[in-house]
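Under numbering that gives the first Met the number 0, the first residue of the sequence shown is numbered 0, with each subsequent residue one higher. Glycine residues also receive a C-beta, built at the ideal position from the N, C-alpha and C atoms. Note that the structure is a prediction, hence the values are computed from the model and not measured. The structure appears below as structure tokens.
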Amino acid sequence: MKTTLKASLFAVLTLAATTAPAANYADATGEGPIVSSNPHLDITSVEVNNTASDLIFKINLVGDPVGTDWGKYMIGIHTGSGGDPAGNGWGRPISIPTGMNYWLGSWVDSGNGVQLYAYSGSWSQIGGAGTFAGGPVLPGLSISKTTSSVTITAPFASMGLGFGNTINFDVYTSGGGGGDSAIDALANPGQAAADWGTPYASQTTDAYTIQAVPEPAACVLLGFGGLLMFERVLRRRF
Numbered sequence: 000m001k002t003t004l005k006a007s008l009f010a011v012l013t014l015a016a017t018t019a020p021a022a023n024y025a026d027a028t029g030e031g032p033i034v035s036s037n038p039h040l041d042i043t044s045v046e047v048n049n050t051a052s053d054l055i056f057k058i059n060l061v062g063d064p065v066g067t068d069w070g071k072y073m074i075g076i077h078t079g080s081g082g083d084p085a086g087n088g089w090g091r092p093i094s095i096p097t098g099m100n101y102w103l104g105s106w107v108d109s110g111n112g113v114q115l116y117a118y119s120g121s122w123s124q125i126g127g128a129g130t131f132a133g134g135p136v137l138p139g140l141s142i143s144k145t146t147s148s149v150t151i152t153a154p155f156a157s158m159g160l161g162f163g164n165t166i167n168f169d170v171y172t173s174g175g176g177g178g179d180s181a182i183d184a185l186a187n188p189g190q191a192a193a194d195w196g197t198p199y200a201s202q203t204t205d206a207y208t209i210q211a212v213p214e215p216a217a218c219v220l221l222g223f224g225g226l227l228m229f230e231r232v233l234r235r236r237f
């Protein structure tokens with residue numbers, strides 16, 4: 000009993016210390032006929048948090064991206080001045096008029112894959128992970144999926160970011176065609192595009208501030224400290 004409780008406490012303390020509290024961004028559902036007929040592209044919410052090194056975007060969906068086994072899940076990020084006001088790393092008709100500095104493009108068909116692009120006068124891929132991703136290996140860059148979500152993780156230092164920095168972002172879903180637009184967009188409660196090829200511009204975005212969290216070694220110390228305190232309480236009670 001004591002061993003189980005101590006192990007559980009250690010796990011909770013370590014997890015809480017290594018991950019910042021998640022910020023939840025809700026989205027309307029069923030915004031137009033394309034989204035309604037493709038529920039795995041219909042965003043219900045996006046949870047964003049960070050570790051000591053990575054940004055984590057969990058995209059919650061109405062439908063099942065595992066069973067459907069196709070779909071593109073993308074994130075446009077504005078980090079400051081500059082950026083592309085008219086395009087993105089994949090050359091799709093999706094933009095952030097204030098300037099998109101980074102682009103995370105991912106897919107769940109034919110195995111999972113994700114690519115990170117940066118804009119500096121032109122777009123260039125700075126990392127890839129998973130099937131057919133190409134580009135240089137970027138530790139921390141990953142994609143995973145469940146029957147109701149797709150999670151994209153990316154190292155924020157690769158985007159020139161650190162603790163206390165704020166990003167403005169939008170999350171998009173789309174099909175497999177190179178000219179396909181945003182079928183659903185997190186920051187827009189209404190219909191993003193009336194058809195697959197209609198250009199979409201994020202007139203509004205969401206914001207997230209990267210929060211400081213302890214390094215893993217410090218978390219281990221915290222966990223052991225919590226265990227010692229917990230054990231002293233148990234000894235007094237038993």
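When Cβ pairs closer than 8 Å are counted between the two stretches, the segment 118 to 127 is seen not to touch the segment 199 to 216, the count staying below three. According to DSSP, residue pairing for A128 in a beta bridge involves V113. Sorting A193, I151, S119 and A181 by C-alpha distance to the C-alpha of P92 places A181 at the top. Taken atom to atom, the span from the alpha-carbon of G196 to that of A19 is near 37 Å. By the C-beta criterion, the segment 128 to 143 is judged not to be in contact with the segment 161 to 170, since fewer than 3 inter-stretch pairs fall below 8 Å. Apart from the 5 residues on each side of it in sequence, G81 sits with its Cβ closer than 7 Å to the Cβ of G98 and N100 in its chain, given in chain order. When beta bridges are read from the DSSP output, H39 appears opposite no residue. For V170, no alpha helix (DSSP H) run applies; the uninterrupted beta strand (DSSP E) run containing it begins and ends at T165 to S173, by DSSP. Distance check between T17 and each of N87, I55 and A51 places A51 closest, using alpha-carbon atoms only. Nearest in C-alpha terms to G29, of all of L60, N49 and A22, is L60. Note on D169: 16 or more other CB atoms within 10 angstroms of its CB, so buried under the neighbour-count rule. The beta carbons of T204 and L40 sit no closer together than 8 Å. Residue environment analysis places A85 among the exposed positions, since fewer than 16 neighbouring C-beta atoms fall within 10 angstroms of its C-beta. Partner residues in the beta bridge of T152, as assigned by DSSP, are I55 and S141. Nearest neighbour of V149 by Cα position, chosen from Q202, I42, Y24 and A25, turns out to be I42. By the C-beta density criterion, P64 is buried, having at least 16 other C-beta atoms within 10 angstroms.
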